[in-house]
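To start, the structure itself, in structure tokens.
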Amino acid sequence: ISSYGCVFTGIGVTPTTNQIVLCYPKELKVYNHDYDDTNLVSLTKQFEPNIKFENLVDCCVANDNLFVVLDSTLCKVGVFNFKDNKLSLVVTWGKFGSKENAYGFNKPSSCHIDSKQNLYIADTGNACVKIYTYLAATS
Numbered sequence: 026i027s028s029y030g031c032v033f034t035g036i037g038v039t040p041t042t043n044q045i046v047l048c049y050p051k052e053l054k055v056y057n058h059d060y061d062d063t064n065l066v067s068l069t070k071q072f073e074p075n076i077k078f079e080n081l082v083d084c085c086v087a088n089d090n091l092f093v094v095l096d097s098t099l100c101k102v103g104v105f106n107f108k109d110n111k112l113s114l115v116v117t118w119g120k121f122g123s124k125e126n127a128y129g130f131n132k133p134s135s136c137h138i139d140s141k142q143n144l145y146i147a148d149t150g151n152a153c154v155k156i157y158t159y160l161a162a163t164s
């Protein structure tokens, strides 16, 4: 499925449109899925040239139009809007840092969004889980 010949690193499914979001180390793809057919149709390819990620390790879905990706190497979070079959970057945040720094990460490895739009990030290097309520304002 990937142009990089690698295995995807994260998966999400949009709640009402049932689109499948697959995260690869350097790209995010959104697929239409027909449950009567096993074929996936890619809607998006690589990020635009001005959007830089090095090692995406996970993705999660806030709603049908809002996706979050997590980069372990750059220690940053990216929030993307998906509309008219196009991904656009809404915001990024994060940097290498300690447990005490709210936006500092050390080898973040996983993300999850709950039903209240809170974003949970497993910060493996700092041995903690950081919780953000930011997504409620962007959805």
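Counting with the numbering used here, you get residues 26 to 164 for the letters of the sequence shown. A virtual CB, placed ideally from N, CA and C, is assigned to each residue, including glycine.
Discussion item. In the DSSP output, which residue or residues are listed as bridge partners for Leu81?
Written reply: Here residue 81 refers to the residue found at position 56 of the sequence shown. For Leu81, which the question treats as bridged, DSSP gives the partners Asp96.
Practice prompt. Measure the Cβ-Cβ separation of Asp148 and Pro133 and say whether it is below 8 Å.
Written response: Translated into positions along the sequence shown, residue 148 becomes position 123. Translated into positions along the sequence shown, residue 133 becomes position 108. A contact, by the Cβ cut-off of 8 Å.
Worksheet item: Opposite Thr117 in the DSSP bridges: which residues?
Response: Translated into positions along the sequence shown, residue 117 becomes position 92. Its beta-bridge partners are Gly103.
Worksheet item: What residue from Ser113, Val104, Leu112 and Phe33 has the CA that sits closest to Asn80's CA?
Response: What you label residue 80 is simply residue 55 of the sequence shown in a count that begins at 1. Checking every option, the nearest Cα to that of Asn80 belongs to Phe33.
Worksheet item: By Cβ distance below 8 Å, which residues in the same chain neighbour Val115 in space, the five residues on each side in sequence not counted?
Response: Residue 115 sits at position 90 when you count from the first residue of the sequence shown. So the list reads Leu91, Val104, Phe105, Asn106 and Thr163, once near-sequence residues are dropped.
Discussion item. Does Gly150 come out as helix, strand or coil in the three-state DSSP assignment?
Written reply: Against the sequence shown, residue 150 aligns to sequence position 125. It is helical.
Worksheet item: Which residue comes first and which comes last in the beta strand (DSSP E) that contains Tyr49?
Response: Here residue 49 corresponds to residue number 24 of the sequence shown, with the count starting at 1. Start and end: Ile45 to Tyr49.
Worksheet entry | Classification of Asp139 by the beta-carbon crowding that lies within 10 angstroms, buried from 16 upward | Counting from 1 along the sequence shown, the entry for residue 139 is found at position 114. Result: exposed.
Practice prompt. Using beta-carbon positions only, say whether Asp89 and Pro40 come within less than 8 Å of one another.
Written response: Reading the sequence shown from its first residue, position 64 is the one you call residue 89. Reading the sequence shown from its first residue, position 15 is the one you call residue 40. It is a contact, given that the beta carbons lie within the stated cut-off.
Item to complete: Assign Asp52 to buried or exposed, taking buried as 16 or more other Cβ atoms, counted over all protein chains shown, within 10 Å of its Cβ.
Response: One-based indexing of the sequence shown puts residue 52 at position 27. A quick correction: the sequence has Glu, not Asp, at residue 52. Its Cβ being crowded by 16 or more others within 10 Å, Glu52 is buried.
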